[in-house]
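Each residue of the sequence shown is one higher than the one before, counting from 1 in full-length UniProt numbering.
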Amino acid sequence: MNQHDFTLREVEVTRYITPLREGGSMPAIVSCSDDFLYVLKFKGAGQGRKALVAEVIGAAITRLVGLRIPELVIADLNEDFARAEADEEIQDLIKFSVGINLGMHYLKGAITFDRNVTKISAEEANKVVWLDAFLMNVDRTVRNTNMLIWQKELWMIDNGAALYFHHSWDNWQEMALKPFVQIKDHVLLPEADNVTDVNTKMKSILTERVFESILGSIPDEWLTDEAMNLSANDSRKVYVQFLMNRINHSDNFINQVAHARENLI
Numbered sequence: 001m002n003q004h005d006f007t008l009r010e011v012e013v014t015r016y017i018t019p020l021r022e023g024g025s026m027p028a029i030v031s032c033s034d035d036f037l038y039v040l041k042f043k044g045a046g047q048g049r050k051a052l053v054a055e056v057i058g059a060a061i062t063r064l065v066g067l068r069i070p071e072l073v074i075a076d077l078n079e080d081f082a083r084a085e086a087d088e089e090i091q092d093l094i095k096f097s098v099g100i101n102l103g104m105h106y107l108k109g110a111i112t113f114d115r116n117v118t119k120i121s122a123e124e125a126n127k128v129v130w131l132d133a134f135l136m137n138v139d140r141t142v143r144n145t146n147m148l149i150w151q152k153e154l155w156m157i158d159n160g161a162a163l164y165f166h167h168s169w170d171n172w173q174e175m176a177l178k179p180f181v182q183i184k185d186h187v188l189l190p191e192a193d194n195v196t197d198v199n200t201k202m203k204s205i206l207t208e209r210v211f212e213s214i215l216g217s218i219p220d221e222w223l224t225d226e227a228m229n230l231s232a233n234d235s236r237k238v239y240v241q242f243l244m245n246r247i248n249h250s251d252n253f254i255n256q257v258a259h260a261r262e263n264l265i
C-alpha cells in the first residue's frame with residue numbers, strides 16, 4: 001500500500017511459523033503465498049475486528065503524515081492450520097479466525113525503539129505525537145513504544161488500540177471532540193515541540209473523500225456490527241464523520257498536547 005493507495009493486497013497464509021506472545025492478542029509470524037513473512041493479526045483475538053479496522057485506518061493516516069509503516073495485506077487463513085496446531089490456546093484462536101485477517105509485513109532484524117538509545121528528529125516526533133493524539137492511540141508509551149528501528153529508520157507498528165470509541169459506539173459524536181488526555185504518557189512528548197505545523201498540513205490533506213477512500217478499503221466483514229445493528233456502510237459513515245469531526249476540531253487535542261508538555265517542565 002503506497003502513500004495514496006488505500007487498496008489492500010490479498011494473500012493466503014501458507015505456513016504458521018511462531019506466535020508472538022509479547023502482546024495480549026497473540027499475533028503470529030506467518031509466511032504467505034507471495035513468499036513474504038507477515039505478522040498476522042487475528043480477527044478472533046481479544047479486540048477482534050475492531051482492532052483490525054483501527055490498524056488499517058491508522059496505517060493509511062500514518063503514511064499521509066509522512067511516517068513509515070510496514071505494508072498491510074488481507075491474509076486468508078485456512079481452517080487446516082488449527083488441526084495441525086498442538087497448543088490449545090493457539091488452536092482456538094485460529095479456529096475463531098478462519099477467513100480474512102490482517103497481515104503486517106515482518107521487518108526481520110528490527111529492534112524496538114528506545115528513546116534513550118536512538119534519537120529521532122523533532123520533525124518525526126511531532127508527526128508521531130500528532131498522529132496518536134488525532135487517532136486517540138493509548139499504546140505508544142515508554143513501556144510499550146510500538147515503534148521499531150529497521151535499517152536505521154523509524155517504523156510505526158500497532159495502531160490496534162486507537163479509535164477506542166468504536167468498542168461501544170457510545171457518545172461517539174462527543175468523543176470526537178474530546179482532547180486526548182493520555183497524550184501525557186506518550187514516549188515522544190518531550191521531543192514534540194511543534195505539532196501545530198503538522199496539524200496545519202494535515203487539515204489540508206485529510207478530507208472527507210480521503211476518509212471515505214480509506215474506509216472503502218476495509219472488508220465489510222470487519223465493519224459489520226450485529227450487536228449494534230450496524231451494517232458495514234453504516235459503520236463507514238460513523239468512522240468518516242468521527243474523523244471529520246476530529247480534524248475539524250483539532251485544536252482540542254493540539255491544546256492538550258501543549259498543556260501536557262507544559263506539565264513536563
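Backbone N, C-alpha and C fix where the C-beta goes; we use that ideal spot for every residue, glycine too.
Nearest neighbour of residue i, chosen from the options [CA to CA]
i	options	result
E124	T145, V65, H166 and A161	V65
D139	K152, I149, M156 and R246	M156
V142	L206, V238 and Q182	Q182
Q197	S250, L177, T224 and L223	Position check: residue 197 holds Asp in this sequence, whereas Gln was assumed. The residue with the shortest Cα to Cα distance from D197 is S250.
W222	V39, I74, R209 and I254	I74
A60	F211, F180 and L189	F211
L14	L40, S25, M26 and F6	In the sequence under discussion, the amino acid at residue 14 is Thr, which differs from the Leu named in the question. Here the closest residue by C-alpha is L40.
T224	A192, M175, L67 and W169	W169
V117	E85, Q91, N126 and L154	L154
A122	F242, Y38 and P190	P190
A110	N137, I149, H167 and R246	I149
G48	I57, E71, R68 and L102	L102
T207	L230, Q173, N248 and K184	N248
R236	Y38, F36 and K50	K50
D158	G44, F134, M147 and D34	M147
Residue burial classification, residue i (beta-carbon count within 10 angstroms, cutoff 16)
i	result
L20	exposed
K203	exposed
V11	buried
R83	exposed
E79	exposed
L93	buried
N171	exposed
M228	exposed
A192	buried
L264	exposed
I214	buried
R9	exposed
I205	exposed
T18	exposed
E88	exposed
R246	buried
H259	exposed
E55	buried
T62	buried
A86	exposed
N137	buried
G46	exposed
T145	buried
N233	exposed
S97	buried
Run of the alpha helix (DSSP H) containing residue i, from where it starts to where it stops
i	result
K41	That residue, K41, is in no alpha helix (DSSP H); its beta strand (DSSP E) goes L37 to K41.
E123	A122 to L135
G216	E208 to G216
D197	V195 to I205
K95	E88 to K95
N171	Per DSSP, N171 belongs to no alpha helix (DSSP H) and is neither H nor E.
A258	D251 to E262
A82	D80 to R83
Counterpart residues of residue i in DSSP-defined beta bridges
i	result
P19	A28
T112	L148
I68	The sequence given here has Arg at residue 68, not Ile. According to DSSP, R68 bridges with W155.
V187	According to DSSP, which records beta bridges pairwise, V187 is partnered with nothing at all.
L230	D225
R9	V73
T141	H186
Residue interval of the beta strand (DSSP E) (run including residue i)
i	result
H105	G99 to H105
I74	L72 to L77
M156	E153 to M156
Chain D within 9 Å of residue i, Cβ atoms only
i	result
M156	Considering every chain present, this structure includes no chain D. It has just one protein chain.
Spell out a yes or no on whether the stretch 26-45 and the stretch 96-111 are touching, meaning 3 or more CB-CB pairs, one atom from each, closer than 8 Å. yes
Per the contact definition of three or more C-beta pairs closer than 8 Å, is the stretch 172-181 in contact with the stretch 250-263? yes
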